[in-house]
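One line per chain: the protein sequences are A and B, in this order. First residue of the first sequence? That's 1 in my numbering, and the numbers climb one at a time after it. First residue of the second sequence? That's 223 in my numbering, and the numbers climb one at a time after it. Note that the Cβ used here is the ideal one computed from N, Cα and C, for glycine as well. Below is one structure, written out as structure tokens, with a few remarks after it.
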Amino acid sequence: MFQGLRSIIARDLRLSMRRRGDVLNHLVFFVIVVTLFPLGVGPEPNLMHTMAPGIVWVAALLAAMLSLQRLFASDHADGTLEQMLISAHPLGLIVIGKIIAHWFMSGLPLTLLAPVLGVQFDLPQQALWVLALSLLIGTPVLSLIGAVGAALTLGVRGGGVLLALLVLPLYVPVLIFGAGGVAAVSNGMGAGPHLSLLGAFLALSCVVAPWAACAALRVAYD
Amino acid sequence: MTNAYTLAAHADGRGNPMFRFAAPQAFFPLAGKMIPWFAMLAAVFAAAGLYVSFFVAPTDFQQGESYRVIFIHVAAAWMSMFLYVVMAIWAAIGLVLNTRLSGMMASAIAPTGAMFTFVALWTGALWGKPTWGTWWVWDARLTSELILLFLYLGFIALTTAIDDPRRADRAGAVLAIVGVINVPIIYFSVKWWNTLHQGASVSLTKAPSMAATMFAGMILVALAAWMYSIVTALWRVRSIILERERNALWVRERGGEA
Chain A
1 MFQGLRSIIA RDLRLSMRRR GDVLNHLVFF VIVVTLFPLG VGPEPNLMHT
51 MAPGIVWVAA LLAAMLSLQR LFASDHADGT LEQMLISAHP LGLIVIGKII
101 AHWFMSGLPL TLLAPVLGVQ FDLPQQALWV LALSLLIGTP VLSLIGAVGA
151 ALTLGVRGGG VLLALLVLPL YVPVLIFGAG GVAAVSNGMG AGPHLSLLGA
201 FLALSCVVAP WAACAALRVA YD
Chain B
223 MTNAYTLAAH ADGRGNPMFR FAAPQAFFPL AGKMIPWFAM LAAVFAAAGL
273 YVSFFVAPTD FQQGESYRVI FIHVAAAWMS MFLYVVMAIW AAIGLVLNTR
323 LSGMMASAIA PTGAMFTFVA LWTGALWGKP TWGTWWVWDA RLTSELILLF
373 LYLGFIALTT AIDDPRRADR AGAVLAIVGV INVPIIYFSV KWWNTLHQGA
423 SVSLTKAPSM AATMFAGMIL VALAAWMYSI VTALWRVRSI ILERERNALW
473 VRERGGEA
């Protein structure tokens with residue numbers, strides 16, 4: 001059973017590595033969005049200092065959301081997904097494998113890049129660690145919830161905007177606690193509660209999201 | 223799976239009586255008969271509730287007369303959350319039992335729910351201006367109510383974007399069930415984030431911290447909103463049934479009568 005999971009992850013990672021441009025584009029998008037904020041609101045250091053966690057988190061949210069479409073769309077287009085649905089492996093395992101591979105290609109690079117952007121905003125070192133940690137816990141939730149939205153909008157008219165409309169409201173708790181934790185640390189408080197709640201969301205979405213994504217895929221192929 | 227299909231197959235009125243009205247054909251006339259009754263109840267409750275809230279309930283010693291918008295605000299906020307849960311329950315029933323009517327009910331409830339969410343936000347702003355001195359605060363409850371509105375709009379957008387009605391119903395059902403996790407977060411957000419919004423003043427466990435007439439007005443308006451929701455949902459579900467079954471024999475025969 002785990003052989004199937006491993007091969008799905010390996011396959012999706014290999015496919016993404018063959019199209020490295022896609023992954024890089026999302027990272028560049030992330031950096032550009034973060035850069036836009038100081039240009040928009042002015043480079044006042046104190047303001048930047050307080051806004052930095054929110055800016056980085058919102059940009060990460062948008063970048064993760066944009067990358068969701070490639071989660072199922074290309075497999076849907078060439079019929080691979082249909083073969084996966086009728087294969088002997090449980091669909092839940094396939095979906096979980098695809099989500100994990102997606103996280104490796106979207107959430108993990110964002111997590112690694114975010115502290116560098118945090119330095120631009122002059123965040124204290126401890127806050128940088130918490131920023132990376134909160135993204136490490138939070139971005140899997142983005143991939144998990146996003147998988148449900150991606151499966152629901154599979155092959156639907158205006159899928160891109162619709163996907164954003166469905167998924168962004170569900171991302172709100174992650175944003176609140178992710179950015180809140182970093183802000184708490186830069187204000188000299190502990191980030192423990194925020195990170196714990198993020199972990200709780202991760203646990204909850206681990207249970208609910210794969211099931212919902214499977215149901216949505218079955219609906220799409222009914 | 224076979225079980226669900228047999229249940230649906232028996233739902234034409236001859237099988238299990240519990241599922242008799244699960245057939246759109248059987249439910250259509252029943253809904254038509256129920257609408258006037260619930261409409262009457264809604265009118266009576268609304269008249270009584272608005273009379274109590276605007277003429278009987280005492281003036282608040284801190285907030286003056288402007289607090290009276292809260293009667294509509296509270297009822298709308300209650301209904302906005304309640305309707306989302308009801309919608310999700312119908313959606314879940316539709317997914318599990320594979321009955322057509324459940325999905326229709328879910329999509330019939332959504333616009334009313336979105337309307338009440340909007341009314342709750344709007345009246346909240348009207349109340350906030352004289353009381354807090356601002357139309358909008360980024361407080362947890364306000365924000366989560368806004369997110370609830372987004373969830374309703376997302377549900378409506380998804381179900382209207384999919385052309386096949388059966389797929390639209392079931393995709394919407396998955397979304398509604400995922401979104402319903404957000405409703406308790408809204409409700410408990412008062413405890414989670416301690417902010418500007420006043421705590422819940424009505425609770426089931428302790429006596430309400432307000433005058434009895436105020437409480438009565440609030441309950442009456444809430445009942446009116448509830449009955450109104452039933453009327454609009456039934457009304458809308460009748461239209462949906464006609465639209466989807468327009469090629470069915472019974473609809474054509476009805477069309478011939480009228």
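Between B/F372 and chain A, the shortest Cβ-Cβ separation is below 8 Å. Rounded to whole angstroms, the Cβ separation of B/G394 and B/L371 is 16 Å, and the two are not in contact under 8 Å. Of all residues in the stretch 312-323 of chain B, those with a C-beta nearer than 8 Å to a C-beta of chain A are L317, reading in chain order. Collapsing the DSSP output to three states places B/D386 in coil. For the stretch 198-216 of chain A, the set of residues with a beta-carbon nearer than 7 Å to any beta-carbon of chain B comprises V208, A212, A215, A216, in chain order.
Only L162, L165, L166, L168, P169, L170, V172, P173 from the stretch 160-179 of chain A bring a Cβ to less than 8 Å from some Cβ of chain B. Each of A/R19, A/I9, A/A183 was checked against the Cα of A/A132, and the nearest Cα belongs to A/A183. Under the three-state reduction of DSSP output, A/E44 falls in the coil class, being neither helix nor strand.
Taking one beta carbon from each stretch, the stretch 167-176 of chain A and the stretch 136-153 of chain A have 3 or more pairs nearer than 8 Å; the two touch.
The C-beta of A/G158 comes closer than 8 Å to at least one C-beta of chain B. A/D75 and A/Q69 have their C-alpha atoms some 11 Å from each other. Annotation: B/M309 to B/V443 spans about 21 Å, alpha carbon to alpha carbon.
Every unbroken stretch of the alpha helix (DSSP H) spanning 4 or more residues and falling wholly within the stretch 58-92 of chain A is given here in chain order: 69-77, 80-85.
Residue state for A/P109 is assigned as helix, using DSSP reduced to three classes.
In this chain, the alpha helix (DSSP H) harbouring A/G199 covers 192-220. For B/S288, there is no enclosing alpha helix (DSSP H), as DSSP marks it with neither H nor E. A buried status is given to B/T321, since no fewer than 16 other beta-carbon atoms sit within 10 Å of its beta-carbon. CA-to-CA, the gap between B/A270 and A/G54 works out to about 48 Å. Contact between the stretch 133-142 of chain A and the stretch 23-37 of chain A is absent: fewer than three C-beta pairs spanning the two stretches fall below 8 Å. Around the beta carbon of A/L39, fewer than 16 other beta carbons sit within 10 angstroms, so the residue counts as exposed. Listed in chain order, the non-local C-beta contacts of B/A261 below 7 Å within the same chain comprise V453, local neighbours out to five positions each way being set aside. B/L317 sits buried, since 16 or more C-beta atoms from the chains shown fall within 10 Å of its C-beta. For the stretch 82-95 of chain A, the beta-carbon criterion of a distance under 7 Å to any beta-carbon of chain B is satisfied by none of its residues. Taking 8 Å as the threshold, the shortest C-beta distance from B/R392 to chain A falls below it. The beta carbons of A/A216 and B/V396 sit closer together than 8 Å. Interface criterion not met: the Cβ of A/L66 is under 8 Å from no Cβ in chain B. Non-local C-beta neighbours of B/V278 in its own chain, meaning closer than 6 Å and more than five positions away in sequence, comprise T435, ordered along the chain. Closest option to B/F304, judged by alpha-carbon separation, among B/R392, B/R458, B/M449: B/M449. Within 10 angstroms of the beta-carbon of B/Y273 lie fewer than 16 other beta-carbons, which makes it exposed. The way I'd put it, the stretch 382-393 of chain B doesn't touch the stretch 190-203 of chain A; fewer than three beta-carbon pairs between them come closer than 8 Å. The Cβ neighbour count for A/P45, taken over all protein chains shown within 10 Å, is under 16; the residue is labelled exposed. B/I403: not part of any alpha helix (DSSP H); DSSP gives it neither H nor E. One finds L380, A393, V396, L397 in chain B with Cβ atoms closer than 7 Å to the Cβ of A/L152, taken in chain order. For A/N187, the secondary structure class from DSSP, reduced to helix, strand or coil, is coil. Approximately 5 Å separates the beta-carbon atoms of A/L5 and A/L93; this is inside 8 Å, confirming the contact. Under the three-state reduction of DSSP output, B/M440 falls in the helix class.
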